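Chains S and B are the protein sequences, given in the same order. End of the first sequence = 113 in the numbering used here, gap-free, step of one. End of the second sequence = 118 in the numbering used here, gap-free, step of one. By construction, the Cβ of each residue, glycine as well, lies at the ideal position given by its N, Cα and C atoms. Owing to the predicted nature of the structure, the values given are computational and were not obtained by experimental measurement. Taking it in order: structure first as structure tokens, then the write-up.
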Amino acid sequence: GNSVTQMEGPVTLSEEAFLTINCTYTATGYPSLFWYVQYPGEGLQLLLKATKADDKGSNKGFEATYRKETTSFHLEKGSVQVSDSAVYFCALKRSNTGNQFYFGTGTSLTVIP
Amino acid sequence: EAGVAQSPRYKIIEKRQSVAFWCNPISGHATLYWYQQILGQGPKLLIQFQNNGVVDDSQLPKDRFSAERLKGVDSTLKIQPAKLEDSAVYLCASSLIRKTSGSSYEQYFGPGTRLTVT
Chain S
1 GNSVTQMEGP VTLSEEAFLT INCTYTATGY PSLFWYVQYP GEGLQLLLKA TKADDKGSNK
61 GFEATYRKET TSFHLEKGSV QVSDSAVYFC ALKRSNTGNQ FYFGTGTSLT VIP
Chain B
1 EAGVAQSPRY KIIEKRQSVA FWCNPISGHA TLYWYQQILG QGPKLLIQFQ NNGVVDDSQL
61 PKDRFSAERL KGVDSTLKIQ PAKLEDSAVY LCASSLIRKT SGSSYEQYFG PGTRLTVT
């Protein structure tokens, strides 16, 4: 089947700390991988994506590399800010018909000044 | 470009009552999704439309949930009758479809409707 497993939170970091949120997936075929972010009171927003193995998605200082050998798509940021406090969701999209998305359970990040 | 619109933003009902949610996707987006997000969990797909046809409704509790997208644009999701475990945020999302392959681009989400069933 298709599924996404994220590291459990909540995660609390000091400003300028290094962030890693782990994500591993199980999928048939060759899925596309995504990170979505949900700020308090808002809907999910696409943060970055990668559509094939070894692709690196990046946006707003966040990066994630599609690792087929380890079936992972870990999210990283070198220096977090208070404004990065949000819930982060890893997701995959099947490459075959249907375009169905599968989401992880989310990881809550709080950055303290 | 206007985003995905949803209404209402909040709804409180008693169990066994009925409720309906509305979604207007981004103009031109052929695919529309309804998700249920229970507190502390990731979104779970309830139903997916492509234009006005259902692509996937395998996780929709059809004994109480229904959804329609009659003109291939906006959509409604209904729960009748509601149960306590239906308390969640209901998210609507939409995406474009690649004409060449039929695969979708990334999804754009609305702000969601927070349903509380008492």
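| Query | Result |
| --- | --- |
| Who pairs with VAL87 (chain S) in a beta bridge, going by DSSP? | S:GLN38, S:SER108 |
| Please report the residue range of the beta strand (DSSP E) in which ARG114 (chain B) lies. | 113-117 |
| Let me check understanding here. Comparing Cα to Cα, which of S:ARG94, S:PHE89, S:SER32, S:PRO113 lies closest to ASP104 (chain S)? | Residue identity differs from the one stated: residue 104 (chain S) is Gly in this sequence, not Asp. Checked all of S:ARG94, S:PHE89, S:SER32, S:PRO113; the closest Cα to GLY104 (chain S) is S:PHE89. |
| For chain B, is any of its Cβ atoms less than 7 Å away from the one on GLY57 (chain S)? | no |
| Excluding sequence positions up to five away, which residues of its chain have a Cβ less than 7 Å from the Cβ of ASP57 (chain B)? | ILE47 |
| Between LEU19 (chain S) and chain B, is any beta-carbon pair separated by less than 7 Å? | no |
| Let me know if ARG69 (chain B) comes out buried or exposed under the rule of 16 or more other beta-carbons within 10 Å of its beta-carbon. | buried |
| Cβ closer than 8 Å: which chain S residues qualify as neighbours of GLY112 (chain B)? | GLY43 |
| For SER83 (chain S), does the count of other Cβ atoms within 10 angstroms reach 16, so buried, or fall short, so exposed? | exposed |
| So, does the CB of THR107 (chain S) fall closer than 7 Å to a CB anywhere in chain B? | no |
| To which residues does DSSP link ARG67 (chain S) through a beta bridge? | S:SER72 |
| Among B:GLY110, B:PHE109, B:LEU84, which residue has its Cα nearest to the Cα of ILE38 (chain B)? | B:LEU84 |
| Quick one: what's got a C-beta closer than 6 Å to SER7 (chain B)'s C-beta in the same chain, skipping five residues either side? | TRP22 |
| Does LEU92 (chain S) come out as helix, strand or coil in the three-state DSSP assignment? | strand |
| I want to verify the contact list: residues of chain B whose CB lies under 7 Å from the CB of GLN100 (chain S), in sequence order. | LEU45, GLN48, ASP56 |
| Going by the CB atoms, is the gap between TYR90 (chain B) and THR113 (chain B) shorter than 7 Å? | yes |
| Rounded to whole angstroms, what is the Cα-Cα separation between THR28 (chain S) and PRO113 (chain S)? | 42 Å |
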